[in-house]
Amino acid sequence: MSSKEKTWKEISIAGVPPKSSIGFMTGDWKTYMPVRDLEKCTTCLTCVMFCPEGAIKWRPEMGKIEFDFSFCKGCGICANECPTKAITMKMPE
Amino acid sequence: MTTQEWKFTAKDIASKPDLFLSGHRACAGCGPAAALRLIMKATRGPTIVTQATGCMEIVGSIYPYSSWAVPWLHTAFENAAANASGIDAALKAMRKKGKVKQEHIDIIAIAGDGGTYDIGLQALSGAVERGHDFLFVLYDNEGYMNTGIQRSSSTPIGAATTTTPAGSVNPGKLEKKKPITEIMLAHEMEYVATATPYYWKDMMTKARKGLEVEGPAFLHVFAPCPRGWRSEPAKTMEYSKLSVESCVFPIWEAVNGKRQLSTPSKLIALAPQKKKPVKAYLEGQGRFRHLFTPQNQHVLDGIQLATDERWQRLLQKCESA
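Chains as they are written, first to last, in the working numbering: chain A, 2 to 94; chain B, 783 to 1103.
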């Protein structure tokens, strides 16, 4: 062992992932993209609850739902579960 | 346990910031990720999470990114519960020395079915026996999905996996699913519950109750995996719902051993005509595709029979409690 290498006492006791995954955009995985019909939407928040990515956000100050396409993987759970069928999955143009 | 029930609305939950952050690398339509995100919103204050190796550990901690907004620890596959015991003991010691100021710090151990049913069972059993204060969340996607869909002892009978392929000789897995909640109940735990993310309010209430228990609590979350079940990603929550409606996975909770069906399952118990055939649940899942052929009809009938029997047994256990 060369003298430059750290000894076991000096290295950290565990590996630490230093960055938050908020900086890792998974949105480019998707093929289809949810499109919402604002007239049909009743803001029941079902889609917000079921989104595995947390990509559908409830903005209480504005009283509306916002889709964050930088994380949406296009799974279609929101479109499948929407009680008023306000969301449809469409191929982006 | 506090007798006061935690009351919340969809808006309360939606307004709460995520603790399991966006940008994790789970497959599209991941059931466990959806469940974990909601369970993390049911926490009541400072929380430490420890995970066993598994899908949810991998997707949330790919270097240099971490998807956890809470202190998080992972060491190896078998020791989610052992980690939780260590954290609990460390907190006790630090509190004695005056190094911890918070009144209570919750510990959540999260493991998949591989890390609970098979590899982590002895660590879990030991931690529960020692009475450490933690909530163990088992997200059950019925197989070792991230290593290539191998069978686990949670994989149900008849399911095709890469290690139990369906062919002309065997119709998928031949062995039954291990009844893990019965094993945990036999430890005489204060709180054991089963839940599924479609009934999110029920699941989050149970997670909260588990955290409020002074001592170990066990939450079995049934989470569909579109990749391993070879089902459509969009139908994850539909299968979560169908599993309860067909009584493949009834949801209940047991406080001090007294078992009680939760509302969605209770409604089926009260109106048996609402119970759906298991066929409705198995259909559309690629891992059960081979069962819908004339030569495998007997396997399908067997699954229906076993499900009905298990449901009847559960009803009896709930009545006697």
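Note that beta-carbon positions come from the ideal geometry of N, C-alpha and C, so glycine has one too.
Quiz item: For tyrosine 981 of chain B, which three-state DSSP category applies?
Solution: Three-state result, tyrosine 981 of chain B: coil.
Exercise. For threonine 791 of chain B, count neighbouring Cβ atoms within 10 angstroms of its own Cβ and tell me buried if that reaches 16, exposed if not.
Key: When all chains shown are included, threonine 791 of chain B counts as exposed.
Quiz prompt | Within 7 Å of chain A by C-beta, residues of the region 1018-1048 of chain B in sequence order | solution = So the list reads Thr1018, Met1019 and Glu1020, given in the order they occur along the chain.
Quiz item: Counting only runs that start and end within the region 948-992 of chain B, where is the beta strand (DSSP E) found for 3 or more residues in a row?
Solution: If we require 3 residues or more, the beta strand (DSSP E) runs fully inside the region 948-992 of chain B come out as 973-977.
Quiz item: In angstroms, rounded to a whole number, what distance separates the CA positions of glycine 827 of chain B and leucine 39 of chain A?
Solution: In this structure, the CA atom of glycine 827 of chain B is about 36 Å from the CA atom of leucine 39 of chain A.
Practice problem: Please state whether DSSP places leucine 1082 of chain B in a helix, a strand or coil. | Solution: Leucine 1082 of chain B: helix per DSSP, three-state reduction.
Exercise. Establish whether the CB of leucine 803 of chain B and some CB of chain A are separated by less than 7 Å.
Key: At a cut-off of 7 Å between beta carbons, leucine 803 of chain B contacts chain A.
Quiz item: Hey, cysteine 73 of chain A and methionine 34 of chain A are a contact pair by Cβ (cut 8 Å); roughly how many whole angstroms apart?
Solution: The pair is a contact, with the Cβ atoms about 7 Å apart (cut-off 8 Å).
Quiz item: How would you list, in chain order, the residues of chain B whose beta-carbon sits under 9 Å from the beta-carbon of valine 49 of chain A?
Solution: The answer, in chain order, is Ala792, Ile795 and Ala796.
Quiz item: In the structure shown, what three-state DSSP assignment does methionine 783 of chain B receive?
Solution: With a pLDDT of 47 at methionine 783 of chain B, under the threshold of 50, the modelled position of this residue cannot be trusted; read the value that follows with caution. In the structure shown, methionine 783 of chain B sits in coil (DSSP, three-state: anything other than H, G, I, E or B).
Exercise. Provide the residue(s) that pair with glycine 24 of chain A in DSSP beta bridges, ordered along the chain.
Key: DSSP, once it has assigned bridges, lists no residue as partnering glycine 24 of chain A.
Quiz item: So what's tryptophan 788 of chain B in DSSP terms, helix, strand or just coil?
Solution: In this structure, tryptophan 788 of chain B counts as coil in the three-state DSSP scheme.
Quiz item: From the beta carbon of cysteine 76 of chain A, is the nearest beta carbon of chain B less than 7 Å away?
Solution: It does; some Cβ of chain B falls within 7 Å.
Practice problem: Put glycine 1047 of chain B into one of helix, strand or coil per three-state DSSP. | Solution: In the sequence on display, residue 1047 of chain B carries serine and not glycine. Of the three classes helix, strand and coil, the one that applies to serine 1047 of chain B here is helix, per DSSP.
Exercise. Kindly say whether threonine 785 of chain B, judged by its beta-carbon, lies nearer than 7 Å to any beta-carbon of chain A.
Key: A caution first: threonine 785 of chain B carries a pLDDT of 48, below 50, which makes its placement in the model too unreliable to give a value.
Quiz item: Can you tell which of B:Val1081, B:Gly913, B:Trp788 and B:Gly811 has its C-alpha closest to the C-alpha of tyrosine 1021 of chain B?
Solution: It is B:Gly811.
Practice problem: With a 10 Å radius around its C-beta and 16 neighbouring C-beta atoms as the bar for buried, classify lysine 5 of chain A as buried or exposed. | Solution: Around the beta carbon of lysine 5 of chain A, fewer than 16 other beta carbons lie within 10 angstroms, which makes this residue exposed.
Quiz item: How about the region 1008-1015 of chain B and the region 915-925 of chain B: do they share at least three Cβ pairs that are nearer than 8 Å?
Solution: Counting C-beta pairs closer than 8 Å gives three or more between the region 1008-1015 of chain B and the region 915-925 of chain B, which meets the contact rule.
Quiz item: Hey, how far is the Cα of alanine 850 of chain B from the Cα of alanine 905 of chain B?
Solution: Per the sequence shown, residue 850 of chain B should be read as tryptophan rather than alanine. C-alpha of tryptophan 850 of chain B to C-alpha of alanine 905 of chain B: approximately 24 Å in a straight line.
Exercise. Note down, in chain order, each residue of its chain lying with its Cβ closer than 7 Å to the Cβ of alanine 1060 of chain B, except the 5 sequence neighbours on either side.
Key: Residue identity check: residue 1060 of chain B is valine in the sequence provided, not alanine. Contacts found: Ser1028, Val1030, Ile1085, Gln1086 and Thr1089.
Quiz item: Closest Cβ-Cβ distance between serine 1102 of chain B and chain A: below 7 Å?
Solution: No, its Cβ sits nowhere closer than 7 Å to a Cβ of chain A.
Exercise. Quickly, what does DSSP pair alanine 1104 of chain B with across the bridge? List them, please.
Key: In the structure as shown, chain B starts at 783 and stops at 1103, and residue 1104 of chain B therefore has no counterpart that could be examined.
Quiz item: Does the beta carbon of histidine 806 of chain B come closer than 7 Å to any beta carbon on chain A?
Solution: It does: the Cβ of histidine 806 of chain B has a partner Cβ on chain A nearer than 7 Å.
Quiz item: If you drop the 5 nearest sequence neighbours on each side, which residues of the same chain put their C-beta closer than 8 Å to that of isoleucine 869 of chain B?
Solution: Setting aside the 5 residues that flank it on each side, isoleucine 869 of chain B is surrounded in the same chain by Ile830, Thr832, Leu855, Ile889 and Phe916, each with a C-beta closer than 8 Å to its C-beta; the list follows chain order.
Quiz prompt | Collapsed DSSP secondary structure at threonine 937 of chain B in the structure displayed | solution = Residue state, collapsed to three classes: coil.
Quiz item: Anyone know if the C-beta pair for proline 1032 of chain B and leucine 1096 of chain B falls short of 7 Å?
Solution: Cβ atoms of proline 1032 of chain B and leucine 1096 of chain B: closer than 7 Å.
Quiz item: Checking contacts by CB at 7 Å: is threonine 85 of chain A closer than that to chain B?
Solution: For threonine 85 of chain A, not one C-beta of chain B is nearer than 7 Å to its own C-beta.
Practice problem: Inspect the beta-carbon positions of glutamate 972 of chain B and glycine 997 of chain B and report whether they are closer than 7 Å. | Solution: Contact flag set, yes.
Quiz item: Of all the alpha helix (DSSP H) runs that stay within the bounds of the region 991-1064 of chain B, which reach a length of 4 or more residues?
Solution: Taking only runs of at least 4 residues, the alpha helix (DSSP H) segments lying wholly in the region 991-1064 of chain B are 1008-1011, 1018-1027, 1045-1052 and 1060-1064.
Quiz item: Any residues in the region 846-877 of chain B with a beta carbon nearer than 7 Å to a beta carbon of chain A? Which ones, in chain order?
Solution: The residues in question are Pro846, Tyr847, Ser848 and Ser849.
Quiz item: In whole angstroms, what separates the C-alpha of lysine 20 of chain A from that of proline 853 of chain B?
Solution: About 13 Å.
Exercise. Report yes or no: is there a C-beta of chain B within less than 7 Å of the C-beta of tryptophan 59 of chain A?
Key: Interface annotation, tryptophan 59 of chain A: in contact with chain B, CB-CB separation under 7 Å.
Quiz item: If we call anything under 7 Å between Cβ atoms a contact, is cysteine 977 of chain B one with lysine 988 of chain B?
Solution: Note that residue 977 of chain B is alanine in the sequence shown, not cysteine. Cβ atoms of alanine 977 of chain B and lysine 988 of chain B: closer than 7 Å.
Quiz item: What residue range is occupied by the uninterrupted beta strand (DSSP E) comprising threonine 944 of chain B?
Solution: DSSP places threonine 944 of chain B outside any beta strand (DSSP E), giving it a letter other than H or E.
Quiz item: Taking cysteine 76 of chain A as the reference, which of A:Glu67, A:Ile88, A:Lys65 and A:Lys41 has the closest Cα?
Solution: For the residues A:Glu67, A:Ile88, A:Lys65 and A:Lys41, the minimum Cα distance to cysteine 76 of chain A belongs to A:Ile88.
Quiz prompt | Own chain, CB closer than 8 Å to lysine 955 of chain B, minus 5 neighbours either side, in chain order | solution = Taken in chain order, the residues that qualify are Arg933, Thr937, Pro938, Ile939, Gly940, Ala941, Ala942, Thr943 and Thr946.
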